[in-house]
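Okay, so here's the structure we're looking at.
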Amino acid sequence: MFDLYKSRRRRNTVVLGLSIAATAIGLSWLAAILGTLLWEGFSGLSLQVFTEMTPPPGSNGGLLNPIIGSLILTGLAVAVGTPIGILAGTYMAEYGRYQKLTMLIRFINDILLSAPSIVIGLFVYEVMVAPMGHFSGYAGAVALALLVIPVVVRTTEDMLALVPKELREAASALGMPRSKVIQKVSYRAARAGMITGVLLAVARISGETAPLLFTALNNQFFSTNLNAPVASLPVVIFQFALSPYPDWQRLAWIGALIITLAVLALSIIARALTAAPSRG
Amino acid sequence: MTTAGRRPVVDMALPSSGAALPLSEERSKVLSRLRGGDAIFRHVTRAAAISVLLILGGVIFSLIQGAAPALRAFGLTFFVQESWNPVTERFGALAPIYGTIITSLIAMLIAVPFGLLITLFLTELSPLWLRRPIGIAIELLAGIPSIIYGIWGLFVFAPFLQQHVQPFMIDLFNCVPLISTFQGSCVAAPGLSLLFAGPPYGIGMLTAGLILAIMVLPFVTSISRDVFEAVPPVLKEAAYGVGCTTWEVVRYVVLPYSRVGVIGGIMLGLGRALGETMAVTFVIGNAHRISTSLFAPATTISATIANEFTEAIGDLYTSSLIALGLILFMITFIVLAIARYMLLRMERRIG
Chain A
320 MFDLYKSRRR
330 RNTVVLGLSI
340 AATAIGLSWL
350 AAILGTLLWE
360 GFSGLSLQVF
370 TEMTPPPGSN
380 GGLLNPIIGS
390 LILTGLAVAV
400 GTPIGILAGT
410 YMAEYGRYQK
420 LTMLIRFIND
430 ILLSAPSIVI
440 GLFVYEVMVA
450 PMGHFSGYAG
460 AVALALLVIP
470 VVVRTTEDML
480 ALVPKELREA
490 ASALGMPRSK
500 VIQKVSYRAA
510 RAGMITGVLL
520 AVARISGETA
530 PLLFTALNNQ
540 FFSTNLNAPV
550 ASLPVVIFQF
560 ALSPYPDWQR
570 LAWIGALIIT
580 LAVLALSIIA
590 RALTAAPSRG
Chain B
8 MTTAGRRPVV
18 DMALPSSGAA
28 LPLSEERSKV
38 LSRLRGGDAI
48 FRHVTRAAAI
58 SVLLILGGVI
68 FSLIQGAAPA
78 LRAFGLTFFV
88 QESWNPVTER
98 FGALAPIYGT
108 IITSLIAMLI
118 AVPFGLLITL
128 FLTELSPLWL
138 RRPIGIAIEL
148 LAGIPSIIYG
158 IWGLFVFAPF
168 LQQHVQPFMI
178 DLFNCVPLIS
188 TFQGSCVAAP
198 GLSLLFAGPP
208 YGIGMLTAGL
218 ILAIMVLPFV
228 TSISRDVFEA
238 VPPVLKEAAY
248 GVGCTTWEVV
258 RYVVLPYSRV
268 GVIGGIMLGL
278 GRALGETMAV
288 TFVIGNAHRI
298 STSLFAPATT
308 ISATIANEFT
318 EAIGDLYTSS
328 LIALGLILFM
338 ITFIVLAIAR
348 YMLLRMERRI
358 G
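Going down the list, the protein sequences come from chains A and B.
Its first residue numbered 320, the first sequence is counted upward by one per residue in our numbering.
Its first residue numbered 8, the second sequence is counted upward by one per residue in our numbering.
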C-alpha cells in the first residue's frame, strides 16, 4: 500500500519535472533564435542598409529596393484582401450566421488559413504569370492577398459574432436599415478586433516567401513598376542566405532581423488592441 | 433554429413602419433607396463570402489543369517512381513524398510530447503570474516567419548538429563490433545504425525534422492549452479530491475529456509541417533520392517546388512540379479537414 503511494508520487514528480524541462527547452529555443538574430543582425545594421540598393557580390550595399518592394506588395495585398475578407466575414456573422452555406465557407476558410502558401504561389502562377508571359509585382500582390483573405474573414466573423444582438435590435427598432445597422453599429462595436485581424494578416504575409518566389520573383534594381518583377525582403533573404558570398549573407541576416522585428511589433500591437486575442 | 425568431424583428422594421404611416412621395423615395442599398450590401457581402469557395475551387482546378500533362505522360507510375531527371524528362514523385512524410513524422514525434508537456506546465503547474508571459512567448514562436527558422537552421543549427551531435550519434550506433566491445559504448541495434549512417553533413532529413518540430510546437501548445482549459473544473477538483496526483488528473481526466481537441490540434500542426516550405528548403539538402539514413540530404515536395520551379525548362518539367503541388495540396487538405472536424466536435461538446 505504502509502496503504491510512493510509486505514484515518484511518477508524478518525474512527469512534472519533464514538463518543466520541456518548457525551459521551448523558451530557450526561442531565446536562441532571437539571440542569434539580434547578434548577427545588429552587428551589421547601419543607415546604409536603408539608403542603398542590393549590391553585386563583393561590394557594399543595402536593402532599399527589397524594403520598398515589400512595402508596396504588402500594402497592395492588404488593400485588395481586406475589403473582400471583411465583407465575407460580415455575411457569415450578420446575414447567414446559421446557414449551411456559412458553415461550409467557415470550414473551407479554416483550411485555406493553414494551407501551404507555396500552393497559392503555384495557383497565381497558373492564372496570372503564365497567361501574361512574365513575372510581375501584381501577381505577387495577388498571391499575398489570397493569404490575407482567410485571416481577415476569420477575425471579422469572430469579432462580429461577439457584438451583443441587443445593440442590433435597438438600432433596428429605430427603423435603421439592416446595412446601416451593420456599418454604423456592428462595425463600430467590433472595430478593435477587426483591426487586429488586419494587423495579424500583415504580420503573416510580411514574412511569406514561398508564394513570391514564382510570382513577383526578384529584382536587383530599384523598381516600382508593378508590371515587372519586384524585389521583396523575404526573397532577397532566401537568395542571399544561400549564396556563397559573406556580404550577401550578412545582408540576409540584417533583412531577417528587420522582418522579425516588424512581425513581432505587429503581433504585440495586435495583442494589445484586443483583451481576448483570437486564435489562429 | 433561432433564425426564425430573429429575422422578422430585423427585416420587418422597414416595410411595416412604412405601411403604417401615410407616405409622402419624398419619404417613400428615401425608403426605397434605403431598401435598394440594403439589398446591394447584402448581395455584395454574399458574393465576397462565396469568393472564398471560388478561391478553393480555383486552386484545385488550376492545379489539376497544370498537372494534367505530367499525369498523362507518366500515369500512376508518377507516384511510385524515384527518379527525377530533367535531362531525360523522367519524373517521379516518390522521393519528395518520402521526404515530406519522414520530416513531418520526425517533427510530430518531437513536437507532440513537448507540446503536451508544456501545456501541462502552463495549465496545472505554473504560478499564475508566469502563465501569461510564457504563453505569449510560445505563441511568438508561431509568429516568426518560416524563413527566419530557415536561415537560423542553415547557419546555426545545422553546423551545430554537424560538429557536435551527428558524429556522436554515428559513433554510438555504428560501431564495428570489435572496437565497440573495446569501447563498450555501442548500442547493438542494426536497425538504428541504418537510421544514423553516412557522413555528418549537418543538413538533411533529421535537421529539417527538428526545425519543423520547433515550428509546429506553438500550434500544438496553443490549441491543447485551449482545450485543456475547457475541461470543467468540477471534474478536476473531484479527481484531486479523491487523492489523485497532478499527473493522474491529467492522464485520467483532462486527456480523455479533451482527446478530440488535442488530436485536432496535432493534425493542424501536421498540416503545417507537411506544407512548410522555406525553413525546410534551407536545411534539407535538396537531393532527389530515398535513403534510410536520417542524416542524408533529401527533398520534400514543397522544397522541390521552391528550388526548381523558376528554373524548370520545358512543359513536362513544369507540369511535374505542379503535379507535386497538387499532391501536397490534397494531402494537407485531407489532414486539415480532419483537424477542423475534430476541433468542431470539441467545440460542440464544450457548447
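In this text, a Cβ means the ideal position worked out from N, Cα and C, and glycines have one as well.
As the structure is a computational prediction, the values presented were derived from the model and not from experiment.
Cα separation between residue i and residue j?
i	j	result
A/Thr534	B/Ala319	14 Å
A/Thr474	B/Ile109	34 Å
B/Ala149	A/Gly345	12 Å
B/Leu335	B/Tyr105	12 Å
B/Asn92	B/Ala100	11 Å
A/Leu466	A/Thr401	10 Å
B/Phe98	B/Leu78	10 Å
A/Thr342	B/Thr306	31 Å
A/Leu481	B/Tyr247	35 Å
A/Tyr444	B/Met285	18 Å
B/Ile67	B/Leu333	8 Å
A/Leu337	B/Leu127	10 Å
B/Thr228	B/Val267	15 Å
B/Leu301	B/Ile308	17 Å
A/Ser604	B/Gln88	Because chain A in this structure spans residues 320 to 599, residue 604 of chain A falls outside the shown range and cannot be described.
A/Ala376	A/Val554	Here the sequence assigns Pro to residue 376 of chain A, which means Ala is not the residue at that position. Near 16 Å, if we compare the C-alpha coordinates of A/Val554 and A/Pro376.
B/Ile341	A/Ile427	12 Å
A/Phe454	B/Glu255	58 Å
B/Arg347	A/Pro469	15 Å
A/Pro565	A/Gly381	14 Å
B/Tyr208	A/Trp567	23 Å
B/Gly44	A/Ser347	56 Å
B/Phe289	B/Ala245	50 Å
A/Ile501	B/Leu41	13 Å
B/Val249	A/Leu349	39 Å
B/Met3	B/Phe121	There is no way to answer for residue 3 of chain B, as the model of chain B reaches only from 8 to 358.
Can you name the start and end residues of the alpha helix (DSSP H) that residue i belongs to?
i	result
A/Gln367	Leu366 to Thr370
A/Ile405	Leu383 to Thr409
A/Ala509	Premise fails: A/Ala509 is in no alpha helix (DSSP H) and is neither H nor E.
A/Ile344	Phe321 to Phe361
B/Phe85	Thr84 to Val87
B/Met337	Asp322 to Ile357
A/Val554	Leu552 to Ala560
B/Pro225	Met212 to Glu236
A/Tyr414	A/Tyr414 -> no alpha helix (DSSP H), and no H or E assigned at all.
B/Leu242	Pro240 to Gly248
B/Glu33	Glu32 to Phe81
A/Glu488	Lys484 to Ala492
B/Val172	Taken as a continuous stretch (DSSP letters only), B/Val172 belongs to no alpha helix (DSSP H), as it is neither H nor E.
B/Ser153	Ser153 to Trp159
A/Gly574	Pro565 to Leu592
Check the C-beta distance from residue i over to residue j and give it rounded, since I have them as a contact under 8 Å.
i	j	result
B/Pro304	B/Ile291	7 Å
B/Phe203	B/Gly276	Wrong, their Cβ atoms sit about 25 Å apart, outside the cutoff.
A/Leu394	A/Val471	According to the sequence shown, residue 394 of chain A is Gly rather than Leu. Contact flag wrong, Cβ pair sits at about 15 Å.
B/Ile218	B/Gly160	4 Å
B/Thr253	A/Leu335	6 Å
A/Phe540	A/Asn384	7 Å
A/Ser586	A/Leu531	Contact doesn't hold; Cβ gap of about 21 Å is too wide.
A/Val549	A/Val397	A/Val549 to A/Val397, Cβ: 16 Å. No contact.
B/Gly272	B/Ser231	5 Å
B/Ile154	B/Ala220	Contact doesn't hold; Cβ gap of about 17 Å is too wide.
A/Leu576	A/Leu364	7 Å
A/Leu545	A/Tyr457	5 Å
A/Ala434	B/Leu343	7 Å
B/Phe235	B/Val261	6 Å
B/Ile329	B/Gly82	No, B/Ile329 and B/Gly82 are not in contact; Cβ-Cβ is about 16 Å, not under 8 Å.
For residue i, verify whether its CB is less than 6 Å away from any heavy atom of the ligand SAH.
i	result
A/Thr342	With respect to small molecules bound, the structure shown includes none, and the ligand SAH cannot be examined in it.
Are there three or more Cβ pairs, one per stretch, closer than 8 Å when the segment 574-585 of chain A is compared with the segment 517-533 of chain A?
yes
Can you confirm whether the segment 55-70 of chain B touches the segment 271-284 of chain B when touching is taken to mean that 3 or more C-beta pairs between the two stretches lie within less than 8 Å?
no
Residue ranges of each beta strand (DSSP E) within the segment 112-148 of chain B, 3 or longer:
none
Indicate whether the contact test is met: 3 or more Cβ pairs, each with one atom in the segment 147-167 of chain B and one in the segment 203-222 of chain B, closer than 8 Å.
yes
Is the segment 565-575 of chain A in contact with the segment 346-364 of chain A, if contact means three or more CB pairs nearer than 8 Å?
yes
Tell me whether the segment 490-501 of chain A and the segment 433-449 of chain A touch, counting them as touching only if at least three CB pairs, one residue from each stretch, are closer than 8 Å.
no
Enumerate, from N- to C-terminal direction, the unbroken beta strand (DSSP E) stretches of 3 or more residues contained entirely within the segment 425-482 of chain A.
none
Curious, which full-length beta strand (DSSP E) runs of at least 3 residues does the segment 244-319 of chain B contain?
none
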